[in-house]
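A.B. asks: Residue numbers (the working numbering): 129 to 463.
Backbone N, C-alpha and C fix where the C-beta goes; we use that ideal spot for every residue, glycine too.
These numbers were taken from a predicted model, which means no experiment stands behind them.
Just passing along the structure, written as structure tokens.
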Ligand code: MRU
């Protein structure tokens, strides 16, 4: 399984997700600015992977610097301003800040060890999520997923794809339908590639094909990841997720969300309060370097949408599978 984030000899190594699947190129990160740019430019993407990258970058920012509140604020602001929706970023930065503030000696080594722990914990949580989902597979199922919530989007292994890898290891996956995930194509470029490498049977479809597949009985279960889950169980995830959830409910197909508890934002009461990133118009208007629309300005491109809690059959965390009403059930994840 691909490990998208490595730390070797004081260098953070990220697989360049903008170049996948045609090229596997590793980008070297040594500074705060390089780490923040890698997140902003989506060399690394996916909520938990962004969190792990932010943690290592936070440590690198203190490699040759003593602690000061002003500098710590600058580091925090630089990282927190990269992308607005995935809460794992803010969570990881705040965890690192707590360690920095209370550290008495060997600041860089202490921070680095904490970043390594956040990374290792993420993989452990992903594997628990996969194990907790096994009861949802009474037999071999045909599963649909949207975006990329795999090894590439996490510290390694994956959330939604972690569920699929875990079920596949028990011979419970007939096939995976992969939504291409317009406009950034995380499904086409990353999920299909990852599943292929892991030997999981999969077929790529356009986002607008899932309704007809559901109607034909070709999809038994949907599983997606999440960038931020509100206290009431409303789920922000890649744009298009809400449409899949509506379709799943209409066709009476279970729709599950897989995420570690670091994705739950207990400061946010409901989905309306989740900040949604608006991305460049060029993602829709330019294809292969060529303008393909008449008016490049007349484009709306939100990166995420919110699926209301009543459309979510269950939220799979490292603790357990949570069911509606989420406001009570998710409390066990509040640390
Ligand atoms: O814009 P991206 O590629 O960072 O968005 C990623 C997603 O929406 C994923 O589905 C989500 O982060 C879950 S990742 C385990």
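Tell me the DSSP secondary structure of residue 199 in three-state form.
C.D. replies: Your numbering for residue 199 matches position 71 in the chain shown. Helix.
A.B. asks: Taking 7 Å as the cut-off, decide whether the C-beta atoms of residue 291 and residue 315 are in contact.
C.D. replies: In the chain shown, residue 291 corresponds to position 163, counting from 1. In the chain shown, residue 315 corresponds to position 187, counting from 1. No; because the gap between Cβ atoms is not below 7 Å, this pair is not in contact.
A.B. asks: Any heavy atom of the ligand MN closer than 6 Å to the CB of residue 255?
C.D. replies: With respect to the ligand MN, the structure shown offers nothing to examine, as its ligands consist of the ligand MRU.
A.B. asks: Grab me the residues of residue 253's own chain with a C-beta within less than 6 Å of its C-beta, minus the 5 sequence neighbours each way, in chain order.
C.D. replies: Looking up residue 253 in the chain shown gives position 125. Correct list, in chain order: 388, 446.
A.B. asks: Do residue 435 and residue 363 have their CB atoms nearer than 7 Å?
C.D. replies: Counting from 1 along the chain shown, the entry for residue 435 is found at position 307. Counting from 1 along the chain shown, the entry for residue 363 is found at position 235. Cβ atoms of residue 435 and residue 363: closer than 7 Å.
A.B. asks: Have a look at 321, 370, 415 and flag the residue whose alpha-carbon is nearest the alpha-carbon of residue 151.
C.D. replies: Indexing the chain shown from 1 puts residue 151 at position 23. Nearest of 321, 370, 415 to residue 151, Cα basis: 321.
A.B. asks: Look at the Cβ atom of residue 265, then the Cβ atom of residue 300, and state whether they are nearer than 7 Å.
C.D. replies: Looking up residue 265 in the chain shown gives position 137. Looking up residue 300 in the chain shown gives position 172. Taking 7 Å as the Cβ cut-off, residue 265 and residue 300 qualify as a contacting pair.
A.B. asks: When the Cα of residue 138 is compared with those of 158, 145, 149, which residue comes out closest?
C.D. replies: Numbered from 1 along the chain shown, position 10 holds the residue referred to as residue 138. For the residues 158, 145, 149, the minimum Cα distance to residue 138 belongs to 158.
A.B. asks: Quick one: residues in its chain with C-beta nearer than 6 Å to the C-beta of residue 348, no 5 flanking neighbours on either side, listed in chain order?
C.D. replies: Residue 348 sits at position 220 when you count from the first residue of the chain shown. Cβ neighbours of residue 348 beyond the five flanking positions: 269, 270.
A.B. asks: Ignoring anything shorter than 3 residues or poking outside the stretch 326-406, list the beta strand (DSSP E) runs there in chain order.
C.D. replies: Qualifying beta strand (DSSP E) stretches, in chain order: 330-333, 349-352, 356-358, 363-366, 383-386.
A.B. asks: Can you check which of these residues, 282, 129, 166, is closest to residue 355 by C-alpha distance?
C.D. replies: Working through the chain shown from its first residue, we reach residue 355 at position 227. Among 282, 129, 166, the Cα nearest to that of residue 355 belongs to 282.
A.B. asks: Taking all protein chains shown into account, decide if residue 402 is buried (16 or more other Cβ within 10 angstroms of its Cβ) or exposed.
C.D. replies: Against the chain shown, residue 402 aligns to sequence position 274. Under this definition residue 402 is a buried residue.
A.B. asks: Express the C-alpha separation of residue 225 and residue 341 in angstroms, rounding to a whole number.
C.D. replies: Sequence index remark: in the chain shown, residue 341 carries index 213 (1-based). Sequence index remark: in the chain shown, residue 225 carries index 97 (1-based). So the alpha carbons of these two residues sit roughly 47 Å apart.
A.B. asks: DSSP on residue 151, reduced to helix/strand/coil?
C.D. replies: Within the chain shown, residue 151 is the residue found at index 23, counting from 1. Note: residue 151 maps to coil in three-state DSSP.
A.B. asks: Closer than 7 Å by C-beta to residue 203: which residues in its own chain qualify, once you throw out the five before and the five after it? Chain order, please.
C.D. replies: Here the question's residue 203 lines up with position 75 in the chain shown. Cβ neighbours of residue 203 beyond the five flanking positions: 160, 186, 189.
A.B. asks: Kindly indicate the opening and closing residues of the alpha helix (DSSP H) around residue 312.
C.D. replies: Indexing the chain shown from 1 puts residue 312 at position 184. Here residue 312 belongs to no alpha helix (DSSP H), and DSSP marks it neither H nor E.
A.B. asks: Given a cut-off of 7 Å, decide if residue 398 and residue 456 are closer than it, judged by their beta-carbon atoms.
C.D. replies: As a working note, residue 456 is residue 328 in the chain shown. As a working note, residue 398 is residue 270 in the chain shown. No; because the gap between Cβ atoms is not below 7 Å, this pair is not in contact.
A.B. asks: Got a sec, what are the start and stop residues for the alpha helix (DSSP H) residue 180 sits in?
C.D. replies: Counting from one through the chain shown, the residue named residue 180 turns up at place 52. Note, residue 180: alpha helix (DSSP H), 175-189.
A.B. asks: Under the criterion of a Cβ to heavy atom distance below 6 Å, does residue 355 qualify as lining the ligand MRU?
C.D. replies: Residue mapping note: residue 355 aligns to position 227 of the chain shown, counting from 1. Because some heavy atom of the ligand MRU lies under 6 Å away, the Cβ of residue 355 counts as near it: yes.
A.B. asks: According to DSSP, residue 304 sits in a beta bridge with which residue or residues?
C.D. replies: Along the chain shown, one-based indexing puts residue 304 at 176. Residue 304 is bridged to 271, 330.
A.B. asks: Once you ignore the five residues that flank residue 295 on each side, which residues in its own chain have a CB closer than 6 Å to its CB?
C.D. replies: For the purposes of this step, residue 295 is taken as residue 167 along the chain shown, with counting starting at 1. Within the same chain, residue 295 has close Cβ partners 265, 301.
A.B. asks: Give me the Cα-Cα distance between residue 313 and residue 353, rounded to the nearest whole angstrom.
C.D. replies: Residue mapping note: residue 313 aligns to position 185 of the chain shown, counting from 1. Residue mapping note: residue 353 aligns to position 225 of the chain shown, counting from 1. C-alpha separation (whole angstroms): 15 Å.
A.B. asks: Please say whether residue 430 and residue 396 have beta carbons closer to each other than 7 Å?
C.D. replies: Taking the first residue of the chain shown as position 1, residue 396 is located at position 268. Taking the first residue of the chain shown as position 1, residue 430 is located at position 302. No, they are not a contact pair.
A.B. asks: Do residue 184 and residue 135 have their CB atoms nearer than 7 Å?
C.D. replies: Position 56 of the chain shown, counted from the start, is the residue given in the question as residue 184. Position 7 of the chain shown, counted from the start, is the residue given in the question as residue 135. Against a cut-off of 7 Å, the Cβ pair of residue 135 and residue 184 comes out as a contact.
A.B. asks: Among 415, 422, 409, 392, which residue has its Cα nearest to the Cα of residue 454?
C.D. replies: Taking the first residue of the chain shown as position 1, residue 454 is located at position 326. Residue 392 is the option with its Cα nearest to residue 454.
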